[in-house]
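Structure record follows, encoded as structure tokens.
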Amino acid sequence: MSPPPKITRRGMTIGGISAIAAAIVAGGIFEGPRLFKRRAKGQYAELVNLLNDPDQAAIVGRAIHLGETDPPVEKLSQTDLKERLKGKTLSALAAEDSGYFERMVEAEGWVIPLALAEVCILAAESV
Amino acid sequence: MTKAEFLSAFIDARTIPVGTTIDTDLAIIGGGPAGISLALALAPYPIRVVLLESGGMNFDAKTQDLYGGPQNGYPYLKLEASRLRYLGGSSNHWGGWCRPLSEIDFETRDWMPHSGWPFARKEIEPYFKRAQSLCEAGPYVYDHASKSAHALGPELKLGEGGVYTSWFQFSKTRDSFLPTHFGHRYADDLKRIAHLSTYTNANVTGLRLAPDAAKLDHLDVATLNGNTFTIRPKVTVLAAGAMESARILLASNDVAKTGVGNSNDMVGRFFADHAIPRDCATMVLFDGKLAPFYQGNATMHGAILRATLSPTEKYQRENKLVASLTTVENEVKLDELGQAAVATTASGLGIDATNAKAFSVGCGLELTPNPERRLVLTDERDALGMQRLKLKMRVADSDFAQYRHTLKELGRQLLAARTGMIRLDHKTHGEWLSVMDWGNHHMGTTRMSTDPKQGVVDTNSQVHGIGNLFVAGSSVFPTYGASNPTMNLVALTLRLATHLRKVFA
């Protein structure tokens, strides 16, 4: 049986530096997009930033043609949305909307819950 | 030692001397699934049967050309391409999909003009299992497959609503996965029937009525080598497919000037098929997991099954929808909007969609019965001198809209269950048109009704007003459902066989 390897001070230093470097790289990969992601600004920011990626939401928002969906979605009021969100998370409201056919909105064919559609439309106006 | 079997050969009609008259109890016109099933069903009974098949055992271009004809209106498959004219008929190119019609398919639906059969599903239910056996579709499982499918993978989790996982079964030829081609599969069985004479290359060119037009007197038969002879049956069953059965009735206009059974101008009207628009939607599953029985066939309980997504009968009634089936097809890549929609929706619902996968979606769609979607005779004649058909095809926008509603409901249920989401790929008439394909499921042209003004045959499939002429096949379907017709038309034919036994008794 061979003796266990000796742990030297030099080895410990190199190992420690490597671990810290790895943590920084991993953090950058996983958290970077979130840290450096563009946040929505302006009057709708509070609502739009409920979604992880306002830029993606804006793409969806631009695909919702107001008045042309079935049922038609008209210009939305952020006040109404805020009212509906009272005491609920966006996720909970979207899940609730998914229980109703008439609360489904199309974004060039993509069927999404009304609450998300509303946020996406606001994102399209603010991003 | 096995007992020696006597197999009578098929008779090539080209060898029958010109001017011959053949007397028989029953003549069956057409050797497709209906004609063959009828001959097999009557085999145990002392009824002399003549089975007349236009083709031989295999495809022949000159015989196939007899099917040709023009069309107008909505683009449709060429009339000579959507059916096959040799023993086994169009079962020679069917996909093997089987599923009995649902109860709602027989009902009069107030939102669907001209809908409803003159009887309920229970009337043909006793014949489904025998039909299933003739189609070689294995044990009768269908929606019971849901109970055991989890062994192969989970069914799609859907929120409460109008769409559910429904099951089709597949015809197979013995140990292979090919659908049963009725001609090749049952040729020897037909040859074993001592009182059956099967004539190949025998084209019926006319149904000749007695002078009072109340009874069929004889059939004119012609071959492509110029031979002609006569069959004089006590009873005739027309089983030539929904296009050709209508053509033969319309073209037999020597005594009844509008054709046989057509005094109310109903023959050839209400032509139908299943619309099969390709890639009609895109389905995304957030976890990317899809059980194999959605995308392809899976064997369970000795049956070959495939899961589809169908509206429940309750949902159809409540929302006034046509019947449909939706299939999950191939994995596809999403465009920028698709990626954004999935990322945003998953994020909004608090779901991890890093493994999401997208799939194209296919469908089979029932058409609303339409008297203007019809077959008429043209002045153009085929090699036997028979007038060719012309198809006037129509599809109502409301049929697409109703199916789109079903797809949207499916999308909602996917969201409600946090399973996935859907994109409806088509909305306008032109968009649906651009991806349109058809099932080759010809139906409706000699529809069944108790009222001679509303249909061509009565509830026994007897042509109204002509005591000894019947029609077998999906041409008698007054409403169509979304199930493939083969197994259903075989069941209906077996019911006709029961009736004919009484007629001959």
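As given, the protein sequences belong to chains E and P, one line each in that order. Oh and the first sequence: position 110 is 110 in this note's numbering, straight run, nothing missing. Oh and the second sequence: position 65 is 1065 in this note's numbering, straight run, nothing missing. Glycine included, each C-beta is placed from N, C-alpha and C at the ideal position.
- Under the DSSP assignment, P/K1122 falls outside any alpha helix (DSSP H); it carries neither an H nor an E label.
- P/I1231 has P/I1022 and P/L1219 as its beta-bridge partners, per DSSP.
- When Cβ-Cβ separations below 8 Å define contact, P/D1425 makes contact with chain E.
- CA-CA distance, P/S1347 to E/N49, rounds to 11 Å.
- Rounded to whole angstroms, the separation of the alpha carbons of P/L1321 and P/H1405 is 8 Å.
- Contact check between the region 1180-1195 of chain P and the region 1089-1102 of chain P: three or more CB pairs, one atom from each, fall below 8 Å, which counts as touching.
- When DSSP states are grouped into helix, strand and coil, P/C1363 belongs to the strand group.
- Secondary-structure assignment with DSSP links P/F1170 through a beta bridge to P/W1097.
- Distance from the CA of P/T1450 to the CA of P/K1502, rounded to the nearest whole angstrom, comes to 20 Å.
- Between the region 1454-1467 of chain P and the region 1004-1022 of chain P, the count of Cβ pairs shorter than 8 Å is below three; the stretches do not touch.
- A straight line joining the alpha-carbon of P/E1080 with that of P/L1407 spans about 33 Å.
- Taking a beta-carbon distance threshold of 8 Å, E/S98 counts as an interface residue toward chain P.
- Within the region 110-123 of chain E, the residues whose Cβ lies closer than 8 Å to any Cβ of chain P are, in chain order, W110, V111, I112, P113, A115, L116, V119 and C120.
- Partner residues in the beta bridge of P/R1381, as assigned by DSSP, are P/Q1387.
- Cβ contact annotation for P/D1188 (same chain, cutoff 7 Å, sequence separation greater than five): L1007, in chain order.
- Assigned with DSSP and collapsed to three states, P/Q1454 falls in coil, not helix or strand.
- Taking every protein chain shown into account, the CB of E/A19 has fewer than 16 other CB atoms within 10 angstroms, so this residue is exposed.
- For E/P113, the enclosing beta strand (DSSP E) covers residues W110 to P113.
- P/K1333 carries a coil assignment under DSSP once its states are collapsed to helix, strand and coil.
- Residues of chain P with a Cβ closer than 9 Å to the Cβ of E/D53 are, in chain order, A1340, A1343, T1344 and S1347.
- As a beta-bridge residue in DSSP terms, P/M1448 pairs with P/V1457.
- The beta-carbon of E/V60 is placed less than 8 Å from the nearest beta-carbon of chain P.
- Contacts with chain P at 8 Å (Cβ-Cβ) include E/L90.
- Classified as buried, P/H1274 has 16 or more neighbouring CB atoms from the shown chains inside 10 Å of its CB.
- For P/S1197, the enclosing beta strand (DSSP E) stretches over residues L1196 to T1200.
- Partner residues in the beta bridge of P/F1470, as assigned by DSSP, are P/V1237 and P/Q1462.
- DSSP, read as helix, strand or coil, puts P/I1016 in coil.
- It is roughly 9 Å from the alpha-carbon of P/L1334 to the alpha-carbon of P/V1284.
- In the DSSP assignment, P/R1306 falls within the beta strand (DSSP E) that extends over A1303 to P1311.
- Where P/I1422 is concerned, the enclosing beta strand (DSSP E) starts and stops at G1420 to L1424.
- Sequence-distant Cβ neighbours of P/L1325 in its own chain, meaning closer than 6 Å and more than five residues away, are T1308, S1310, G1364 and A1482.
- Interface annotation, E/E125: not in contact with chain P, CB-CB separation never under 8 Å.
- Using a CB distance cut-off of 8 Å, E/E106 counts as an interface residue toward chain P.
- Within chain P, the residues whose beta carbon sits less than 9 Å from that of E/A63 are L1337, A1340 and A1341, listed in sequence order.
- When secondary structure is reduced to three states using DSSP, P/W1111 falls in the coil class, being assigned neither helix nor strand.
- DSSP places P/K1257 in the coil class of the three-state scheme, outside both helix and strand.
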